[in-house]
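Notes to accompany the following structure.
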Amino acid sequence: MPIRRSACLLLLAAGHAFAAGAATDPHQLAREAVIVDTHIDAPGELMDGWRDLGELTPDREFDYPRAREGGLDVAFMSIYTSPGEDRAGTARGIAHKQIDAVEAMVGRHPDRFALLDSPGDVDRLRADGHVLLALGMENGAPLGDDLAELARFHARGVRYITLAHSESNRISDSSYGLQRQWQGLSPFGRKVVAEMNRLGIMVDVSHLSDDAVRQAVELSTVPVIASHSGFRHFTPGFERNLSDELAKAIAARGGVVQVTFGSAFVNPQMAADTQAYFQADAELEKRNAAARAAGRPEEDEAAFNKEWKRTHPPRPTAIEAVVDHIDHGVKLVGIDHIGLGSDFDGVSGNLPEGLRTVADYPNLIAALQARGYSDADLKKILGGNLLRVWSAVEAGSARSKD
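As structure tokens, then:
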């Protein structure tokens, strides 16, 4: 995808700085650093329509050629299931099918992709140009109410679990849900956190209600992550983004906030629209539940969604919005506690100018260099911090089994 004007200007400015000896060329730094992106929704897209992501795939945001162009080393594939699939009892099967799809990508291109289940293998596996595919489960719904499923998914390579998504589930309340049945984590959810610690699965607090985030951080014996979140400092009232208080709590226990690129999270107007959508959708479901009980016709949800999209179009977002979130996070919690979780292929293309695909990490590097970030600090943000936390979670698991 062509680099747009603002991104070109950032790269030009970084190039001038490089020529003057003040900064490393952004593309070179992207090659030197270990870039880790903790949230790419390629598996769900593969379920909707298979593409060979080992080759250039223009209608997707992640593929091998552009990952190499952008310097991406570790791509956490999001194993996402919806609240509707949870209610239908299909979430577990769908999660396994998505893992099958990731394994199929590796099987088709063993010279390009490799599965990654331990941070200790990163340097060895990436040395010959492989893009490493790790697994993160978005929504704990596939666990059902069976704690033993954690070990089964761990055996398949899942290394973080986002405890809930857009509605409360058996584990946790959601930031979007109007129903807060657990006031944080459920009793089962507390057992899930303990078992994740024991197995070495990172606890992910993105999407959770404030009470659930706070409880997960307090209960976990190892650092937690927010795999793809922004900061509520820029989006007042948008609980999906982390408050400064909760970000500090995550960092105080050694965790990391992986800043998302999605316009719906970093653009204040779109964040307000997103919050309003989930409230309106919940009200629609309440009306339809009452209609079902009374034997009346239900409102058409597809028509509701179509009209919502018509009246709430995407808003242009600059790459500087993502840089602002990163910059705020660094100033708030320190350079050791911020990373990247793009949400590529998961936000319907609603991404900032200059951050449209996995080829675009050098644009972000250039924008951060323009804010004065050193190579050493950038390497922490790009992946070093996440790998440190993952290693700590793995070590905590080993200690618990001694």
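Numbering (the working numbering) for the sequence shown: 995 to 1396.
Backbone N, C-alpha and C define an ideal beta-carbon position, used for all residues, glycine too.
* Residues bridged to residue 1166 (per DSSP) -> For the purposes of this step, residue 1166 is identified with residue 172 of the sequence shown, where counting begins at 1. Bridge partners of residue 1166: 1179.
* Buried or exposed (CB count within 10 angstroms, at least 16 for buried), residue 1141 -> Taking the first residue of the sequence shown as 1, we reach residue 1141 at position 147. Result: exposed.
* Give the secondary structure of residue 1015 by DSSP, where H, G and I count as helix, E and B as strand, and everything else as coil. => Indexing the sequence shown from 1 puts residue 1015 at position 21. In this prediction, residue 1015 scores a pLDDT of 49, lower than 50, which makes its location untrustworthy; no coordinate-derived value is stated.
* To do: Just mark residue 1126 as buried or exposed, buried being the case when its beta carbon has 16 or more other beta carbons within 10 Å.
  => As a working mapping, residue 1126 is identified with position 132 in the sequence shown. By the neighbour-count rule (16 or more Cβ atoms within 10 Å), residue 1126 is buried.
* Asked: By how many angstroms is the C-alpha of residue 1115 removed from the C-alpha of residue 1307?
  -> As a first step, residue 1307 is located in the sequence shown; it is residue number 313 there, counting from the start. As a first step, residue 1115 is located in the sequence shown; it is residue number 121 there, counting from the start. So the two alpha carbons sit approximately 43 Å from each other.
* **Beta-carbon proximity check, residue 1255 vs residue 1144, cutoff 8 Å** => Looking up residue 1255 in the sequence shown gives position 261. Looking up residue 1144 in the sequence shown gives position 150. Contact: no.
* From the DSSP output, read off the bridge partner residues of residue 1156. => Here the question's residue 1156 lines up with position 162 in the sequence shown. 1132 and 1198, per the DSSP bridge assignment.
* Do you know offhand how far residue 1017's Cα is from residue 1109's? -> Start at 1 with the first residue of the sequence shown, and residue 1017 comes out as number 23. Start at 1 with the first residue of the sequence shown, and residue 1109 comes out as number 115. The alpha-carbon atoms of residue 1017 and residue 1109 are separated by roughly 33 Å.
* Taking the CB atoms as reference points, tell me whether residue 1117 and residue 1128 lie closer together than 8 Å. => To locate residue 1117, count along the sequence shown from 1; it is residue 123. To locate residue 1128, count along the sequence shown from 1; it is residue 134. Result no, Cβ atoms of residue 1117 and residue 1128 do not sit closer than 8 Å.
* **Boundaries (first-last residue) of the alpha helix (DSSP H) holding residue 1257** => Taking the sequence shown and counting its residues from 1, the one referred to as residue 1257 is at position 263. That run of the alpha helix (DSSP H) goes 1257 to 1260.
* Asked: If we count the other Cβ atoms within 10 Å of its Cβ and call it buried at 16 or more, is residue 1176 buried or exposed?
  -> The residue given as residue 1176 occupies position 182 in the sequence shown. Residue 1176 should be labelled buried.
* Report all residues from its chain with a CB closer than 6 Å to the CB of residue 1027; omit the five preceding and five following residues, and keep chain order. => The count along the sequence shown starts at 1 and reaches residue 1027 at position 33. So the list reads 1373 and 1376, once near-sequence residues are dropped.
* To do: Could you pull out every residue in the same chain whose Cβ sits closer than 7 Å to the Cβ of residue 1414, ignoring the five residues on either side in sequence?
  => The structure shown does not extend to residue 1414, since the chain is modelled only from 995 through 1396, so no value can be given for it.
* Asked: Helix, strand or coil: how does DSSP classify residue 1123 here?
  -> Taking the sequence shown and counting its residues from 1, one reaches residue 1123 at position 129. Residue state, collapsed to three classes: coil.
* Asked: Looking only at C-alpha atoms, which of 1031, 1370, 1023 and 1020 sits nearest to residue 1251?
  -> Position 257 of the sequence shown, counted from the first residue, corresponds to residue 1251. Considering only alpha carbons, the answer is 1031.
* For residue 1108, the three-state DSSP class (helix, strand or coil) -> As a working mapping, residue 1108 is identified with position 114 in the sequence shown. The answer is strand: DSSP assigns residue 1108 an E or B state.
* Close-in-space but distant-in-sequence residues of the same chain around residue 1229 (CB under 6 Å, 5 per side omitted) -> Here residue 1229 is taken as the residue at index 235 of the sequence shown, counted from 1. Closer than 6 Å at the Cβ level, and outside the excluded window around residue 1229, lie 1235, 1262 and 1265.
* Simplified DSSP state of residue 1008, which is helix, strand or coil -> Residue numbering aside, residue 1008 sits at position 14 when the sequence shown is read from its first letter. The predicted model places residue 1008 with a pLDDT of 48, which falls under 50 and marks its position as unreliable, so this point remains unresolved.
* Asked: Under the rule that 16 or more other beta-carbon atoms within 10 Å means buried, what is residue 1363, buried or exposed?
  -> Counted from its first residue, the sequence shown places residue 1363 at position 369. Result: buried.
* Starting from the N-terminal side, write out each stretch of the alpha helix (DSSP H) that is 4 residues or longer and does not extend beyond the segment 1272 to 1317. => 1295 to 1305
* Under the assumption that residue 1072 contacts residue 1132 (Cβ atoms under 8 Å), give the Cβ distance between them as a whole number of angstroms. => Walking along the sequence shown from the start, residue 1072 turns up at place 78. Walking along the sequence shown from the start, residue 1132 turns up at place 138. Right, their Cβ atoms sit about 5 Å apart.
* Burial state of residue 1105 (16 or more Cβ within 10 Å) -> Residue numbering aside, residue 1105 sits at position 111 when the sequence shown is read from its first letter. Residue 1105 comes out exposed.
* To do: Could you work out which residue in 1088, 1389, 1172 and 1173 is closest to residue 1037 when comparing CA atoms only?
  => On the sequence shown, position 43 is the one that residue 1037 refers to. The candidate whose alpha carbon is nearest that of residue 1037 is 1088.
* Using the C-alpha atoms, what's the distance from residue 1113 back to residue 1020? -> Start at 1 with the first residue of the sequence shown, and residue 1020 comes out as number 26. Start at 1 with the first residue of the sequence shown, and residue 1113 comes out as number 119. Between residue 1020 and residue 1113, the C-alpha separation is close to 24 Å.
* Asked: Between the beta-carbon of residue 1247 and the beta-carbon of residue 1195, is there less than 8 Å?
  -> If you number the sequence shown from 1, residue 1247 lands on position 253. If you number the sequence shown from 1, residue 1195 lands on position 201. It is not a contact, given that the beta carbons lie outside the stated cut-off.
* Distance, residue 1044 Cα to residue 1393 Cα -> Counting from 1 along the sequence shown, the entry for residue 1393 is found at position 399. Counting from 1 along the sequence shown, the entry for residue 1044 is found at position 50. Rounded to whole angstroms, residue 1393 to residue 1044 spans 41 Å at the Cα level.
* Looking at the unbroken alpha helix (DSSP H) that takes in residue 1368, where does it start and where does it end? -> The count along the sequence shown starts at 1 and reaches residue 1368 at position 374. Counting along the chain, residue 1368 falls outside any alpha helix (DSSP H), and DSSP gives it neither H nor E.
* Name, in chain order, the residues that DSSP records as bridge partners for residue 1225. => Here residue 1225 corresponds to residue number 231 of the sequence shown, with the count starting at 1. The partner list for residue 1225 (beta bridge, DSSP) reads 1236.
* Element boundaries [beta strand (DSSP E), containing residue 1252] -> Against the sequence shown, residue 1252 aligns to sequence position 258. Residues 1250 to 1253.
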